[in-house]
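Participant: Protein chains in written order, with my numbering: chain A, 1 to 656; chain B, 657 to 788.
Where is the CB? At the ideal position from N, CA and C, for every residue including glycine.
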Amino acid sequence: MSARVVLLVGALALWAAAVAGRLVQLQVVEHGRFGALAARQQQRLEELAPPRGAIFDAKGRRLAASMEVQSAFADPTLPEFPGVAPFVRQVEKALPARDLSGLRERFEPGRRFVWVARQLEPAEAERLEEARIPGLRFDTESRRFYPMGSLASHVLGFVGIDHVGLEGLEYLYDEEIRGTPGWRRVVHDGEGRPVERPGAVAPRPGADLHLEIDAAIQYVVERVLRRTVREHRAEGGSAVVLDPRTGGVLALASMPDFDPGSFATAGPDQRRNRAVVDHYEPGSTLKMVTATAAIEAGLVEPDDRIDCLNGAITLERGIRIRDHHPYGLLSFRDVIAKSSNVGTIRVGLHVGATRLHERLQAFGFGRRTGVDLPSETAGLLPPAESWREPWTTAYISFGQGLSATSLQIANAFAAVAGGGTLYRPRVVSRIVRRDGVEERRPEVAGRPLEPDTARVVTSLLEGVVEPGGTATRAAVPGHRVAGKSGSGQQVDLADVGAGYSDRIMASFVGWVPSRDPRLVILVAIDHPRNGPDEGGYVAAPAFREMATEILAYLGVPASDDRLWDPDDGAEPTLHRVAAAALPLGSEGTPRPVEAGGLPEFSGLSARQAVLASARLGLQVRLHGRGFVGRQSPPAGTPFEQVGPALDLWLQEGVAR
Amino acid sequence: MNTSYVVRRRVENEYLVRVRDRRWRRELGLVVLAVLPVALGLLLNIWAQLRVLQASYDIDALEQQLSELEDRRQQLEVTEASLSRPDRVRGLALELGMTLPREGDLVTAESLYAARSDSSPPGARREGGAPR
Numbered sequence: 001m002s003a004r005v006v007l008l009v010g011a012l013a014l015w016a017a018a019v020a021g022r023l024v025q026l027q028v029v030e031h032g033r034f035g036a037l038a039a040r041q042q043q044r045l046e047e048l049a050p051p052r053g054a055i056f057d058a059k060g061r062r063l064a065a066s067m068e069v070q071s072a073f074a075d076p077t078l079p080e081f082p083g084v085a086p087f088v089r090q091v092e093k094a095l096p097a098r099d100l101s102g103l104r105e106r107f108e109p110g111r112r113f114v115w116v117a118r119q120l121e122p123a124e125a126e127r128l129e130e131a132r133i134p135g136l137r138f139d140t141e142s143r144r145f146y147p148m149g150s151l152a153s154h155v156l157g158f159v160g161i162d163h164v165g166l167e168g169l170e171y172l173y174d175e176e177i178r179g180t181p182g183w184r185r186v187v188h189d190g191e192g193r194p195v196e197r198p199g200a201v202a203p204r205p206g207a208d209l210h211l212e213i214d215a216a217i218q219y220v221v222e223r224v225l226r227r228t229v230r231e232h233r234a235e236g237g238s239a240v241v242l243d244p245r246t247g248g249v250l251a252l253a254s255m256p257d258f259d260p261g262s263f264a265t266a267g268p269d270q271r272r273n274r275a276v277v278d279h280y281e282p283g284s285t286l287k288m289v290t291a292t293a294a295i296e297a298g299l300v301e302p303d304d305r306i307d308c309l310n311g312a313i314t315l316e317r318g319i320r321i322r323d324h325h326p327y328g329l330l331s332f333r334d335v336i337a338k339s340s341n342v343g344t345i346r347v348g349l350h351v352g353a354t355r356l357h358e359r360l361q362a363f364g365f366g367r368r369t370g371v372d373l374p375s376e377t378a379g380l381l382p383p384a385e386s387w388r389e390p391w392t393t394a395y396i397s398f399g400q401g402l403s404a405t406s407l408q409i410a411n412a413f414a415a416v417a418g419g420g421t422l423y424r425p426r427v428v429s430r431i432v433r434r435d436g437v438e439e440r441r442p443e444v445a446g447r448p449l450e451p452d453t454a455r456v457v458t459s460l461l462e463g464v465v466e467p468g469g470t471a472t473r474a475a476v477p478g479h480r481v482a483g484k485s486g487s488g489q490q491v492d493l494a495d496v497g498a499g500y501s502d503r504i505m506a507s508f509v510g511w512v513p514s515r516d517p518r519l520v521i522l523v524a525i526d527h528p529r530n531g532p533d534e535g536g537y538v539a540a541p542a543f544r545e546m547a548t549e550i551l552a553y554l555g556v557p558a559s560d561d562r563l564w565d566p567d568d569g570a571e572p573t574l575h576r577v578a579a580a581a582l583p584l585g586s587e588g589t590p591r592p593v594e595a596g597g598l599p600e601f602s603g604l605s606a607r608q609a610v611l612a613s614a615r616l617g618l619q620v621r622l623h624g625r626g627f628v629g630r631q632s633p634p635a636g637t638p639f640e641q642v643g644p645a646l647d648l649w650l651q652e653g654v655a656r
Numbered sequence: 657m658n659t660s661y662v663v664r665r666r667v668e669n670e671y672l673v674r675v676r677d678r679r680w681r682r683e684l685g686l687v688v689l690a691v692l693p694v695a696l697g698l699l700l701n702i703w704a705q706l707r708v709l710q711a712s713y714d715i716d717a718l719e720q721q722l723s724e725l726e727d728r729r730q731q732l733e734v735t736e737a738s739l740s741r742p743d744r745v746r747g748l749a750l751e752l753g754m755t756l757p758r759e760g761d762l763v764t765a766e767s768l769y770a771a772r773s774d775s776s777p778p779g780a781r782r783e784g785g786a787p788r
């Protein structure tokens, strides 16, 4: 073998040995380090955000919903990361409209994760993706939307940027509606495309909340409340609408309000849910409790005469309490209707501190109602042993010297409206989870009065809205209303020692229809400064407007026929009202037959036939649709032989 | 003297005989037999890996599509909800000249019957025969 061949073989062997040695170094000696580097570059553990549950109103309208949006982040430790300055420049170029101040400072040494821009608009995400900025990654995040804007903002609350509930139902039910995140491990190729998913756990979506709140009712309440606050140049206001049959909260509003979609721009005053957080001295609305205590104890009857001492009463230490008018002898009914402080004090003193305190407690004053809203306050009900007779009893009997929230007061009135049952107010009616539905049933919180007492108190409170009462402006056409106005004097919190200020909480709380209650509505206006500040003047008209619209929306027919034809001597009936409201004309009545008896209904519309049969005192069973073609019993059948119901078969296109 | 001669002789390499090497062919066959399955296996493996890769890309594209459709659905739900805002509906209703029901516009058959039975006995009304 020649020397040249030996040299060549030797060189090749050395080269091969060098390559092999390097391979051993990379693959064996430094396997751990390079393996970890490769895994970090190719693999990623992605958290899968759970969809946050939606919030629906009582009719299934979407009040809050979440949408998946893209967020961009950077990993400065990635090999392709170009450095902070070039990276930020590229991002700024791709997102010229976004405020990126502070982005540079977020890149602290050693950090592997830096948020670049969160919750991007779809167009922004597209531009960033097209820019293909090295080291930039995307993650999916959920963004909360409130499609109805500021509607029910205090009830719904809002979520922070991390999708954690911060106020309202979003906060209280956060654990329920947030869901549980999942994860997945993804292996990417050189271009960042996922090529393998070695493992994954799916996220668990959050539960949906269905509310008792009805968006349409809430809208009416907010619209009227907003206007009332503005017209009276008040500092704020609150309104509550309850269903007295269940304790369901149909609407709950506070003014000023805010848009939960941009809550950061709202001040604390806007974000405060006054209806459950603010407690104030209610004033005369609390006379309802004094009246209930007195009637339940058998101390007074509605027609008993009470001397109102010409409108002034002197308590111990020369404390004098006056009425608005110098009333003399008044029936207890009129004491309540005219809201005489003196008359109420005299009855309250007769009831006594212990009984009055017990009754207030039974109505839920001095403790939280337990409504499913955060930050509810209990109000202040001084313990009975601290009452200084007689003036504490005197003050409390007409609603001063204690404090309550709007919701507490409305709930107490709902107990009277509901015949004596106090419910725990409820905002959420149903929680729909992936594995089942939790129905929230009405929960009885107590029975503060007997049904008989409730009837008597109802009749007393009807007088408040009738001529001669303090709140005639609360009267709702076609419906009887029971309620009470209040003008509670407030202590100036900036100077408590100075006693009561000129600050008035003008309120009206009542229910309608009074004999078949569907709605309890409370309106409270804080410090009205434009004209008179009494509840009957400020809050009662708002009650009337709310009740009128809500009853129409709910399709509650007029039930108070007295207002229809007051000059007619005949006993008013709804039958007559209906005929007046829907004049049928001669062509809309059944044809009488010569032999008498049941008339001929053929050719009438279903509506005309139902009204006509109602006039005759007959029930009717309709079959089919259209106009009456056939009837049973036939026309001419003597009325005595007509059964309890008339059968009418309808056909299309046979109008008379 | 000018002499030249040419010897022409046909060379016949009788000792070099082209024969078929049966052993070599057998060895080649054995090598092919040994290598072919390995090569085929490798090709199959590469093909399967490519298929997996392609399927992975397809899954990714489908997931992306699903996600986009889901996002679209959510967008539409939010849009639908914002279009049914009560203030918007009220504005449209007012534009169309709609008003709240007036007193007496709402009458239900149930209330008629209830009022009828409360106010006067049916017989009293029936005596007259003809409706009023």
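#1: Express the C-alpha separation of A:PRO134 and A:LEU8 in angstroms, rounding to a whole number.
#2: Using a Cβ cut-off of 8 Å, pull out every chain A residue sitting near B:GLN731, in sequence order please.
#3: Using a C-beta to C-beta distance shorter than 8 Å, which residues of chain A count as neighbours of B:LEU756?
#4: Give every residue of the same chain whose Cβ lies closer than 7 Å to the Cβ of A:LEU616, excluding the five residues on either side of it in the sequence, and list them in chain order.
#5: Does the beta carbon of B:ASP714 sit closer than 8 Å to a beta carbon anywhere in chain A?
#6: Hey, could you find the ends of the alpha helix (DSSP H) A:PHE508 is sitting in?
#7: Name the two residues that bound the continuous alpha helix (DSSP H) containing A:LYS93.
#8: Would you mind reading off the limits of the beta strand (DSSP E) that contains A:LEU211?
#9: Quick test of your reading: A:ASP75 and A:PHE34, contact by CB under 8 Å. State the CB separation rounded to the nearest angstrom.
#10: May I ask which residues mark the beginning and end of the alpha helix (DSSP H) holding A:THR369?
#11: Can you grab the Cα-Cα spacing for the pair A:ARG132 / A:LEU169, in whole Å?
#12: On the DSSP bridge assignment, give the partners of A:GLY237 in chain order.
#13: Using a Cβ-Cβ cut-off of 7 Å (strictly less than) and excluding sequence neighbours within five positions of B:PRO777, which residues of its own chain qualify?
#14: Just to confirm before moving on: does the CB-CB distance between A:LEU48 and A:PRO181 stay below 8 Å?
#15: Considering only the alpha carbon of each residue, which of A:ARG480, A:PHE365, A:TRP387, A:PRO425 lies closest to A:ARG245?
#16: Restricting to Cα atoms, I'd like to know which of A:GLN408, A:ASP174, A:THR393 is closest to A:GLY401.
#17: Please identify the residue among A:ASP278, A:GLU316, A:VAL335, A:CYS308 whose C-alpha is closest to the C-alpha of A:PRO302.
#18: Scan the segment 141-227 of chain A and note each continuous alpha helix (DSSP H) run of 4 residues or more that stays entirely inside, going in chain order.
#19: Would you report the Cα separation of A:GLY643 and A:GLU222, rounded to the nearest angstrom?
#20: If you draw a straight line from the alpha carbon of A:PRO203 to that of A:TRP183, how long is it in whole angstroms?
#21: Given this structure, state the Cα-to-Cα distance separating A:ILE55 from B:GLU733, to the nearest angstrom.
#22: Helix, strand or coil for A:ILE295 per DSSP?
#23: Report the residue from A:ASP533, A:ALA542, A:ASN530 whose alpha carbon sits nearest the alpha carbon of A:GLY510.
#24: Under a Cβ-count criterion, where at least 16 other Cβ atoms within 10 Å of its own Cβ denotes burial, should A:ALA11 be classed as buried or exposed?
#25: Since I believe A:TRP387 is in contact with A:LEU315 (beta carbons under 8 Å), could you give me their beta-carbon distance rounded to a whole number of angstroms?
#26: What residues match up with B:GLN710 in a beta bridge as DSSP calls it?
#27: What residues are listed by DSSP as bridge partners for A:PHE138?
#28: By the DSSP assignment, the alpha helix (DSSP H) with A:SER397 in it spans what residues?
#29: Count the other C-beta atoms from every protein chain shown that fall within 10 angstroms of the C-beta of A:GLU438, then say buried if there are 16 or more, exposed otherwise.
#30: Of all the residues that make up the segment 179-196 of chain A, which are near chain B by a beta-carbon distance shorter than 7 Å?
#31: How close, in whole Å, do the beta carbons of A:GLY364 and A:LEU422 come, if the pair is a contact with beta carbons under 8 Å?
#32: In angstroms with no decimal places, state the Cα-to-Cα distance between A:ASP372 and A:GLN270.
#33: For A:ILE321, which three-state DSSP category applies?
#34: At 8 Å on the CB atoms, spell out the chain A contacts of B:GLU726, in chain order.
#35: Confirm, please, whether the CB-CB distance from A:LEU252 to A:HIS154 is below 8 Å.
#36: Between which two residues does the beta strand (DSSP E) carrying A:LEU349 extend?
Facilitator: On the basis of the supplied data:
#1: Taking the first residue of the first sequence as 1, we reach residue 8 of chain A at position 8. Taking the first residue of the first sequence as 1, we reach residue 134 of chain A at position 134. C-alpha separation (whole angstroms): 46 Å.
#2: Locating residue 731 of chain B in the second sequence gives position 75, where the first residue counts as 1. Ordered by position in chain A, the residues that pass the 8 Å Cβ test against B:GLN731 are MET67.
#3: By one-based count along the second sequence, residue 756 of chain B stands at place 100. Near B:LEU756 (Cβ distances below 8 Å), the residues of chain A are THR548, GLU549, ALA552.
#4: On the first sequence, position 616 is the one that residue 616 of chain A refers to. Around A:LEU616: no qualifying Cβ.
#5: Against the second sequence, residue 714 of chain B aligns to sequence position 58. Contact of B:ASP714 with chain A is not assigned, every C-beta pair being separated by 8 Å or more.
#6: In the first sequence, residue 508 of chain A corresponds to position 508, counting from 1. Unbroken run through A:PHE508 is the beta strand (DSSP E), 500-512; no alpha helix (DSSP H).
#7: Translated into the one-based positions of the first sequence, residue 93 of chain A becomes position 93. 84-94 is the span of the alpha helix (DSSP H), which, as asked, contains A:LYS93.
#8: On the first sequence, residue 211 of chain A is found 211 positions in, with the first residue counted as 1. A:LEU211 -> beta strand (DSSP E) spans 208-211.
#9: Here the question's residue 75 of chain A lines up with position 75 in the first sequence. Here the question's residue 34 of chain A lines up with position 34 in the first sequence. In fact, because the Cβ distance is near 18 Å, the residues do not count as touching under 8 Å.
#10: By 1-based counting over the first sequence, the position of residue 369 of chain A is 369. It is not in any alpha helix (DSSP H) - A:THR369 carries neither H nor E in the DSSP assignment.
#11: Taking the first sequence and counting its residues from 1, one reaches residue 132 of chain A at position 132. Taking the first sequence and counting its residues from 1, one reaches residue 169 of chain A at position 169. Answer to the nearest angstrom: the Cα atoms are 40 Å apart.
#12: Counting from one through the first sequence, the residue named residue 237 of chain A turns up at place 237. According to DSSP, A:GLY237 bridges with A:MET255, A:ILE525.
#13: In the second sequence, the residue the question calls residue 777 of chain B occupies position 121. Any reading at B:PRO777 needs caution, since the residue's pLDDT is 37, under 50, leaving its predicted position unreliable; the model's value is listed next. So no residue of the chain qualifies.
#14: As a position in the first sequence, residue 48 of chain A is number 48, starting the count at 1. As a position in the first sequence, residue 181 of chain A is number 181, starting the count at 1. Yes, the pair counts as a contact, with Cβ atoms nearer than the cut-off.
#15: Here residue 245 of chain A corresponds to residue number 245 of the first sequence, with the count starting at 1. Selected option, being the one with the closest Cα: A:PRO425.
#16: Here residue 401 of chain A is taken as the residue at index 401 of the first sequence, counted from 1. For A:GLY401, the nearest C-alpha among the options comes from A:THR393.
#17: Counted from its first residue, the first sequence places residue 302 of chain A at position 302. Answer by Cα proximity: A:VAL335.
#18: 153-156, 168-172, 174-178
#19: Within the first sequence, numbered from 1, the residue matching residue 643 of chain A stands at position 643. Within the first sequence, numbered from 1, the residue matching residue 222 of chain A stands at position 222. Going from the Cα of A:GLY643 to the Cα of A:GLU222 covers about 50 Å.
#20: As a first step, residue 203 of chain A is located in the first sequence; it is residue number 203 there, counting from the start. As a first step, residue 183 of chain A is located in the first sequence; it is residue number 183 there, counting from the start. So the two alpha carbons sit approximately 7 Å from each other.
#21: Counting from one through the first sequence, the residue named residue 55 of chain A turns up at place 55. Counting from one through the second sequence, the residue named residue 733 of chain B turns up at place 77. Each residue's alpha carbon lies about 12 Å from the other.
#22: Walking along the first sequence from the start, residue 295 of chain A turns up at place 295. Reduced to three states, the DSSP call for A:ILE295 is helix.
#23: Taking the first residue of the first sequence as position 1, residue 510 of chain A is located at position 510. Looking at the Cα atoms, A:ALA542 is the closest of the given residues.
#24: In the first sequence, counting from the first residue as 1, residue 11 of chain A sits at position 11. Counting Cβ neighbours within 10 Å, A:ALA11 comes out exposed, since fewer than 16 surround it.
#25: If you number the first sequence from 1, residue 315 of chain A lands on position 315. If you number the first sequence from 1, residue 387 of chain A lands on position 387. A:LEU315 to A:TRP387, Cβ: 13 Å. No contact.
#26: For this step, residue 710 of chain B is matched to residue 54 along the second sequence. None, per the DSSP bridge assignment.
#27: Counting from 1 along the first sequence, the entry for residue 138 of chain A is found at position 138. Looking at the DSSP assignment, A:PHE138 forms a beta bridge with A:ALA72.
#28: For the purposes of this step, residue 397 of chain A is taken as the residue at position 397 of the first sequence. First-last of the alpha helix (DSSP H) with A:SER397: 391-397.
#29: Against the first sequence, residue 438 of chain A aligns to sequence position 438. Under this definition A:GLU438 is an exposed residue.
#30: Sequence-ordered contacts of the segment 179-196 of chain A with chain B read ARG193, PRO194, VAL195, GLU196 [C-beta pairs closer than 7 Å].
#31: As a first step, residue 364 of chain A must be located in the first sequence, where it is residue number 364. As a first step, residue 422 of chain A must be located in the first sequence, where it is residue number 422. Yes, they are in contact, since the Cβ atoms of A:GLY364 and A:LEU422 sit about 6 Å apart, within 8 Å.
#32: For this step, residue 372 of chain A is matched to residue 372 along the first sequence. For this step, residue 270 of chain A is matched to residue 270 along the first sequence. Taking the straight line from one Cα to the other gives about 20 Å.
#33: Counted from its first residue, the first sequence places residue 321 of chain A at position 321. Per DSSP, reduced to three states, the secondary structure at A:ILE321 is strand.
#34: Residue mapping note: residue 726 of chain B aligns to position 70 of the second sequence, counting from 1. Those within 8 Å of B:GLU726 in chain A are GLU68.
#35: Here the question's residue 154 of chain A lines up with position 154 in the first sequence. Here the question's residue 252 of chain A lines up with position 252 in the first sequence. In this structure, the beta-carbon distance from A:HIS154 to A:LEU252 falls below 8 Å.
#36: Locating residue 349 of chain A in the first sequence gives position 349, counting from the first residue. Run containing A:LEU349: none in the beta strand (DSSP E); it sits in the alpha helix (DSSP H), 341-351.
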